[in-house]
Amino acid sequence: MKCDLCGGKVEKKLVSYTLFYEGHWIIVENVPAKVCQQCGEKLFSPPTVERLQKIIWGKKKPQRKVKTPVFDLSSI
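Everything in the sequence shown is counted per this note's numbering, starting at 738 for the first residue and increasing by one.
As structure tokens, this is what we get:
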């Protein structure tokens, strides 16, 4: 399979999906995706997107939490 953006080779991998939602960072690990080896574009299947939505919108309790340092480039 080839990437729709750059034409690079796409491989199946497990990735971390990160987003900022309702004032909080959310990380979902071990998400199946097709990842372009050239540009890094990630493609998720419709069933995977549905599972991600259920986790995020359903406000499921996470397995663990991490503290994340935050930097503001304008103040450095």
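By construction, the Cβ of each residue, glycine as well, lies at the ideal position given by its N, Cα and C atoms.
{"query": "Under the three-state DSSP convention, the category glutamate 759 falls into", "result": "coil"}
{"query": "The region 743 to 755 / the region 776 to 786 touching (three or more Cβ pairs under 8 angstroms)", "result": "yes"}
{"query": "Residue nearest to glutamine 774 in terms of C-alpha spacing, selected from Val765, Gly795, Pro806 and Asp741", "result": "Asp741"}
{"query": "Lysine 771 and leucine 780 closer than 8 angstroms at C-beta", "result": "yes"}
{"query": "Local conformation of proline 769 per DSSP, three classes", "result": "strand"}
{"query": "Beta-carbon spacing of tyrosine 758, isoleucine 793 below 8 angstroms", "result": "yes"}
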